[in-house]
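**Student:** Take this structure first; my questions come after.
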Amino acid sequence: MTDTTSPGTQPSPAYRWLVLIVISVAMFGNYYVYDSIAPIADILKSDLGFTDANYGMLFSVYSLAAVIVLLLGGVIIDKYGTVKSTIIFGSICTFAGILMVLTSNFWVMVVARFLLGLGSEPLIVAITCALAKWFKGRELGFAFGINLTIARLGSFSADWMPTWVPSAFDGWRGPLLIAAVIGGLCVVSAVVYGALEARANRRYGLGEAGETDKLVLSDLFRFTKSYWFVVALCVTFYSAIFPFRGFSIKFFMEAWELTRDTAGQFNSVLPLAAMVATPLFGLLVDKVGKRALFMVFGSFLMMPVFLMMAYHVTPLVVPVAMMGIAFSLIPAVMWPSVAYIVDEKRLGTAYAVMTLVQQIGVMGMPLVIGFLNDHFQASAENPAGHNPGMWAFSILGFFALFFAVMLRREETGPDAHGLETITASSKD
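Just so you know, we're using this note's numbering here: the sequence shown kicks off at 78 and counts up by one.
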């Protein structure tokens, strides 16, 4: 949303925050459906005969679909606008959740997760661009933080569902039925967001807040080093975090001998920490800058945690807490930083490329971890079989730190974009 009219003809701050909350609820539903299979990984194995490689494919096929749809260049978002796009992609997410609960066939579940990827990632891109345009130059970091808090609440709720509704986990279908119902929020909140957007347009003549560019391949050569360092950090960070979360409940149960509900509670520390701390970190960087430095610190925290868990170096709460801080800090700083590095007219392209590259990494890692777990026979009887997979995650952590350091170096040199210096007050 650009400030083309006088302050008196702009939506009130309360209206902007209402738009933020409503559109973020779609991400809540989306995140819940995505994470809903993590608490039943062992049930899928025992009841339906899935291997760890099968289970990993349910995550990888999601990312494959995301890569395919993002390679289309955001044509649908560009042609139909953010409002129609959120409704279209939100509907696909809702349908995918319903399809998962209707079948016990592995390949139909693969199709359902593929559909989820087709809807989910473009939905997130559209929402991200809309928020950037509604809040850039205002409370951008804080707004992104609130958005992620609501989204992570979906992941947190999925992790805690074995505690809240233990009777649903007598089989595989009950948890997926709950996910299908919650997935309905993807389309419902998108419709409400569309109504709010239309009202703002009629009353203030602002146009659609979330217009985005389509992904133009020639634009890739015009992005700066700082942008590509952020993208590299994004793919290494998320390729470790998200696949780990997919396998972590099973890992905690087998390698740390935790019950299902306790393992889910430990896994929920990541989204819970993000819910509380991400907005605070966003507010902090709005006030003080130093974005690249914060990304270095978050990457440093993440690098050793997987080996600490694999070899029981400390009580489990220590590495999980360290990962929770990193999971809160890096996204709070990383995603808003793109809005300062890239021109607004190419912001849609920038976020689409960033998400696309991220999903390529996230697509590959579950297959790698599933293969390593099967090959080394990871199980409750052989918990050391999980260690090769944890080494793979740790290597990604090292590369995340490397790219964060390179970004910091670039942003303290002559080609800096102001990531270390720009504050909310300096943008007003």
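The C-beta atom is built at its ideal place from N, Cα and C for all residues, glycine as well.
Can you say whether GLY248 is buried or exposed, counting buried as having 16 or more other CB atoms within 10 angstroms of its CB?
**Tutor:** GLY248 is exposed by the Cβ-count criterion.
**Student:** Using the rule of at least 16 other Cβ atoms within 10 Å of the residue's Cβ for burial, across every protein chain shown, is TRP184 buried or exposed?
**Tutor:** Exposed.
**Student:** Can you tell me which of the three DSSP states HIS463 falls into?
**Tutor:** Reduced to three states, the DSSP call for HIS463 is helix.
**Student:** In this structure, how does DSSP classify LEU393 when only helix, strand and coil are distinguished?
**Tutor:** Correct three-state label for LEU393: coil.
**Student:** Taking the beta carbon of THR391 as the centre, do at least 16 other beta carbons fall within 10 Å, making it buried, or is it exposed?
**Tutor:** THR391 is exposed by the Cβ-count criterion.
**Student:** Taking 8 Å as the threshold (C-beta atoms), are GLY359 and GLY222 in contact?
**Tutor:** In contact: GLY222 and GLY359 (Cβ atoms closer than 8 Å).
**Student:** Buried or exposed for ASP290, going by 16 or more other Cβ atoms inside 10 Å?
**Tutor:** A caution first: ASP290 carries a pLDDT of 48, below 50, which makes its placement in the model too unreliable to give a value.
**Student:** What would DSSP say about LEU378, mapped onto helix, strand or coil?
**Tutor:** Three-state result, LEU378: helix.
**Student:** To the nearest angstrom, how far is the alpha carbon of LYS367 from that of MET386?
**Tutor:** Roughly 30 Å separates the two Cα atoms.
**Student:** Quick one: using the 10 Å Cβ neighbour count with 16 as the cut-off for buried, is ALA286 buried or exposed?
**Tutor:** Because ALA286 carries a pLDDT of 45, less than 50, the predicted location of this residue cannot be relied on, and no value is offered for it.
**Student:** List the whole-angstrom C-beta distance separating ASP451 from THR128, where the pair is believed to meet the contact cut-off of C-beta under 8 Å.
**Tutor:** Confirmed, about 6 Å.
**Student:** MET400 to ALA115, Cα distance in whole Å?
**Tutor:** Approximately 18 Å between the Cα atoms of the pair.
**Student:** Does the stretch 415 to 433 touch the stretch 374 to 383, meaning 3 or more C-beta pairs lie closer than 8 Å?
**Tutor:** Touching, no, given that fewer than three Cβ pairs across the two stretches are closer than 8 Å.
**Student:** To which residues of the same chain is TRP333 closer than 7 Å at the C-beta, ignoring the five residues directly before and after it?
**Tutor:** Around TRP333: LEU393.
**Student:** Return the residue from the list VAL268, VAL242, ILE201 that minimises the CA-CA distance to ILE164.
**Tutor:** Among VAL268, VAL242, ILE201, the Cα nearest to that of ILE164 belongs to VAL268.
**Student:** Can you give me the C-alpha to C-alpha distance between LEU97 and ALA416, rounded to a whole angstrom?
**Tutor:** Their backbone Cα atoms lie some 17 Å apart in a straight line.
**Student:** Candidates PHE374, TYR111, PRO88: which alpha carbon is nearest MET186's?
**Tutor:** Closest option to MET186, Cα to Cα, is TYR111.
**Student:** Measure the beta-carbon distance from MET352 to ASN224 and round it to whole angstroms, keeping in mind my assumption that it falls under 8 Å.
**Tutor:** So it is not a contact: roughly 11 Å between Cβ atoms.
**Student:** Looking at C-beta atoms only, is the number of pairs between the stretch 437 to 455 and the stretch 306 to 321 that lie closer than 8 Å three or more?
**Tutor:** Contact holds: three or more Cβ-Cβ distances are below 8 Å.
**Student:** Please report how far the alpha carbon of ILE499 lies from the alpha carbon of PHE298, in whole angstroms.
**Tutor:** In a straight line, the C-alpha of ILE499 is about 25 Å away from that of PHE298.
**Student:** Is the beta carbon of GLN435 sitting closer than 8 Å to the one on CYS263?
**Tutor:** No, the pair does not count as a contact, with Cβ atoms beyond the cut-off.
**Student:** Contact between the stretch 451 to 464 and the stretch 340 to 352 is defined here as three or more beta-carbon pairs at a separation below 8 Å; is this criterion met?
**Tutor:** With the cut-off at 8 Å, the stretch 451 to 464 and the stretch 340 to 352 do not touch.
**Student:** Considering only C-alpha positions, which residue in the set PRO413, SER162, LEU444 is nearest to GLY495?
**Tutor:** Checked all of PRO413, SER162, LEU444; the closest Cα to GLY495 is PRO413.
**Student:** With C-beta atoms as the reference, is PHE166 less than 8 Å away from LEU200?
**Tutor:** Contact flag set, yes.
**Student:** Note down the Cα distance separating GLN87 from ARG280, rounded to an integer number of angstroms.
**Tutor:** If you take the alpha carbons of GLN87 and ARG280, they lie about 9 Å apart.
**Student:** Span of the alpha helix (DSSP H) holding ASN182?
**Tutor:** Taken as a continuous stretch (DSSP letters only), ASN182 belongs to no alpha helix (DSSP H), as it is neither H nor E.
**Student:** Here's the rule: buried if 16 or more other CB atoms are within 10 angstroms of the residue's CB, otherwise exposed. What is GLY447?
**Tutor:** It is buried - the Cβ of GLY447 has at least 16 other Cβ atoms within 10 Å.
**Student:** Applying the 10 Å Cβ sphere with the 16-neighbour rule, what's the burial state of THR336?
**Tutor:** Exposed, because fewer than 16 other Cβ atoms sit within 10 Å of the Cβ of THR336.
**Student:** Please name the residue in VAL308, ASN182, ARG276 whose C-alpha comes closest to that of SER89.
**Tutor:** The option with the nearest alpha carbon to SER89 is ARG276.
**Student:** From the DSSP output, in three-state form, read off GLY495 for me.
**Tutor:** Residue state, collapsed to three classes: coil.
**Student:** Report the option in TYR270, LYS327, LEU406 whose CA atom is closest to the CA atom of LYS122.
**Tutor:** Checking every option, the nearest Cα to that of LYS122 belongs to LYS327.
**Student:** Within 10 angstroms of its Cβ, does ASN107 collect 16 or more other Cβ (buried), or is it exposed?
**Tutor:** So ASN107 counts as buried.
**Student:** As a quick exercise: from MET330, THR240, MET411, pick the residue whose alpha carbon is nearest that of ALA369.
**Tutor:** ALA369 has its Cα closest to that of MET411, out of MET330, THR240, MET411.
**Student:** Which term fits ARG485, buried or exposed, when burial requires 16 or more other beta carbons within 10 angstroms of its beta carbon?
**Tutor:** Buried, because 16 or more other Cβ atoms sit within 10 Å of the Cβ of ARG485.
**Student:** Rounding to the nearest angstrom, what Cα-Cα distance links ALA130 and ARG190 in this structure?
**Tutor:** Each residue's alpha carbon lies about 15 Å from the other.
**Student:** One question on the structure: do GLY194 and ALA256 come within less than 8 Å of each other, judged by their Cβ atoms?
**Tutor:** No, they are not a contact pair.
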